[in-house]
Structures are given as C-alpha cells and as structure tokens.
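Step one of this worksheet: look at the structure below.
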Amino acid sequence: MIILDKNTKCLVQGITGKQGAFHTEQMLEYGTNIVAGVTPGKGGQKFGPVTVYDSVEAVKEVMDVNTSIIFVPAPFAKDAAFEAISQLDTVIIITEHIPVHDSVQIMEYAQKMNTTVVGPNTPGVISPGVGKLGIMPAHIFQPGDIGIVSRSGTLTYEFAHQISRSGKGQSSCVGIGGDPVVGLDFATVLQKFEDDPDTRAMVMIGEIGGNAEEKAARYIEKNISKPVIAYIAGTTAPPGKRMGHAGAIIEGDSGTAESKIQALEEVGVKVVEKPSDMVNIIKEF
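Under numbering that gives the first Met the number 0, the first residue of the sequence shown carries the number 0, and numbering increases by one thereafter.
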C-alpha cells in the first residue's frame, strides 16, 4: 500500500464544516487513524472522539501527526494548505474550485518543503482494510494487490467495484485530482506502486486534457516493470469544450484521447475501452 498505511496519523482541516464533519464520520467508521481536527476559533470542541484545535501548530504541540486532509472552502484553502505543508509530510486537498494561481503557489511551496500533496479536487486515497482519507464509498473496495491511480473520482469507484466483484482487490487507490494544477502526478504514483511489495499490477485512469498521460507513458517505458492497464475517458468529447473537470479540455491537437491512447499503447500499456474489459486482463496476470 502507498501514501496511507498503518503509520498514518491524520488531522482534518475544516472538520466542523458540513463536508468535513460528514466525511470525518465516514473515515472514522472505516477505521482511519484520525487524531485531531482543526478549525480556527473552535479549539477545545469535540467531534465524536476527536478533539478540535485552532491550528495545525497547536496539534503538533501535543501529539504526533504526519498527514492532513483538507475540507476547507476554496477561498481559504491556500492558507490551510500552507499551514499543513509547513509542518506535515502528506497533505490531501479535497477542495474543488481552488483558483489556479493559488494551486501553483501551493505546489511551489510543497516542493520547497518536500511535502507530498494529493489534489486538489481529489476523491482522496484509500488503502482497503487500513483506512481511507477522502470521500470515496468504502464498501466497494476490498484488500488486494491492484493499485489504482486516477484523475476521476467516479471512474475510480467504477473500476474498483469491477475489480472487487471479480474477486480481486486493491492495494491502494489514489485520486490525483481533476484540476489543471495538481500535486502528485501519474508518474510519481506509478513509481510508488512499482516500489510497493503489496502491489502486483496497476490500473491508470486518465481523461482528455493536458499531457499527464503522455508524460506517464514516457515514464512507464523507462521505469515501470509491473503490468499497467489504462483507460482514457473522453474518446467522444468535442474539442474546445470543458468536460466536467477544469483540466478536461482539448486544446488544438493536444490533450485528445487518441494521442493519450497512442502514447500508452506504444510503450506496451494495455488500454481498455470499458471497465469490464479490464477485469479480463487482470485475470491473465
């Protein structure tokens, strides 16, 4: 498993908000090790078994914590991210609609501080049977040895569900986020799965827009020895129209499903047309 394991100790920024409260309850129910919450001005309150603090620094003063998950509204997400990045190893940003300029600054600061950032606009990370840090429906996942990395939340759920129904399971599933500017990219997550003894094969779910999949293809060719199966969403998308995610837009000849599929197939990645096709390929491994 990657990113989220038995050593993960997480705090929730925005724990008292509507989304933060709902999903913290779900994460605790799944057994995730959530040790604190952070909402400025609400320090000392309790959220179930979790104590709320005014700042990340206040949490660090009294306990060991290495990860944050952020449910803070977009206008305040940059400040929350900077606070977490300065003091923690891993930061997962669930928030959608963060301005691109803010995201660029967040990633530059994370690089400077050597902090892993997942997202923004991500469903999060789940290591089935260990914990989930995100908004995914936990019941469709089960422990296994297939690693999933995806730009799409709902497609992650669909592929995970198909894998679970086939009797297989997942080592970890990572949503890298649907925005134009994100932290972890496909290549970095694929390398983590390559180095992970619990992962036997990988499923990569891409979509139109940007060049993340083409970059991943070049990386796979040189660095990845484990089997990779891919799916690219948006084969029928019209050019110039944003499709769901801010990052899902074809501009000129770049970012098309065809260019991504071709790049992946050229380096030996099996690209499937629909989720059910992938299950048959996994059974061959």
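We treat Cβ as the ideally placed atom computed from N, Cα and C, and that holds for glycine.
{"query": "Hey, would you say Gln-169 sits closer than 8 Å to Pro-127, going by beta carbons?", "result": "yes"}
{"query": "Under three-state DSSP, which class holds Asp-184?", "result": "coil"}
{"query": "For Thr-286 and Ile-175, what's the separation of their Cα atoms in angstroms?", "result": "What the structure shows of the chain is the stretch from 0 to 284, and residue 286 is not part of that stretch, so it cannot be assessed."}
{"query": "Name the DSSP bridge partner or partners of Pro-142?", "result": "Gln-169"}
{"query": "I need the DSSP call for Met-201, collapsed to helix, strand or coil.", "result": "strand"}
{"query": "Is the distance from the Cβ of Leu-3 to the Cβ of Ala-35 below 8 Å?", "result": "no"}
{"query": "Under DSSP, the beta strand (DSSP E) around Leu-132 begins and ends at which residues?", "result": "130 to 133"}
{"query": "Which of the three DSSP states, helix, strand or coil, is assigned to Glu-24?", "result": "helix"}
{"query": "Helix, strand or coil for Phe-70? Go by DSSP, reduced to three states.", "result": "coil"}
{"query": "Alpha carbon to alpha carbon, how far is Met-277 from Gly-205?", "result": "14 Å"}
{"query": "How is Ala-236 classed by DSSP in three states: helix, strand or coil?", "result": "coil"}
{"query": "DSSP state of Glu-60, grouped into three classes?", "result": "helix"}
{"query": "Rounding to the nearest angstrom, what Cα-Cα distance links Ala-262 and Ala-211 in this structure?", "result": "11 Å"}
{"query": "For the 8 Å Cβ check, are there 3 or more pairs between the stretch 98 to 109 and the stretch 62 to 82?", "result": "yes"}
{"query": "Mark Asp-63 as exposed unless 16 or more other C-beta atoms lie within 10 angstroms of its C-beta, in which case mark it buried.", "result": "exposed"}
{"query": "Per DSSP, Tyr-52 forms a beta bridge with which residues?", "result": "Val-37"}
{"query": "Give a yes or no on whether the C-beta atoms belonging to Phe-46 and Thr-66 are separated by under 8 Å.", "result": "no"}
{"query": "Take Ala-20 and list the residues in its own chain whose beta-carbon comes closer than 8 Å to its own, dropping the five residues that flank it on each side.", "result": "Ile-14, Phe-46"}
{"query": "Let me check understanding here. Comparing Cα to Cα, which of Gly-118, Val-268, Lys-59 lies closest to Leu-200?", "result": "Note on identity: in this sequence residue 200 is Ala, with Leu being the wrong assignment. Ala-200 has its Cα closest to that of Val-268, out of Gly-118, Val-268, Lys-59."}
{"query": "Does the Cβ of Phe-70 have 16 or more other Cβ atoms within 10 Å, making it buried, or fewer, making it exposed?", "result": "buried"}
{"query": "So, Gly-146 versus Asp-194, is the Cβ gap smaller than 8 Å?", "result": "no"}
{"query": "Where do the N-terminal and C-terminal ends of the beta strand (DSSP E) with Gly-337 fall, by residue?", "result": "The first residue shown for the chain is 0 and the last is 284, placing residue 337 beyond what the model contains."}
{"query": "As a quick exercise: from Gln-12, Ile-125, Lys-225, pick the residue whose alpha carbon is nearest that of Glu-56.", "result": "Gln-12"}
{"query": "Rounding to the nearest angstrom, what Cα-Cα distance links Pro-98 and Asp-144 in this structure?", "result": "36 Å"}
{"query": "When the Cα atoms are used, what is the spatial distance from Gln-25 to Glu-157?", "result": "20 Å"}
{"query": "Kindly identify the DSSP beta-bridge partner or partners of Ala-229.", "result": "Met-203, Val-270"}
{"query": "Using only CA atoms, which one of Ala-109, Ile-260, Ser-85, Ile-134 lies nearest to Glu-28?", "result": "Ile-134"}
{"query": "For Pro-274 and Asn-113, what's the separation of their Cα atoms in angstroms?", "result": "35 Å"}
{"query": "Alpha carbon to alpha carbon, how far is Leu-189 from Ile-125?", "result": "15 Å"}
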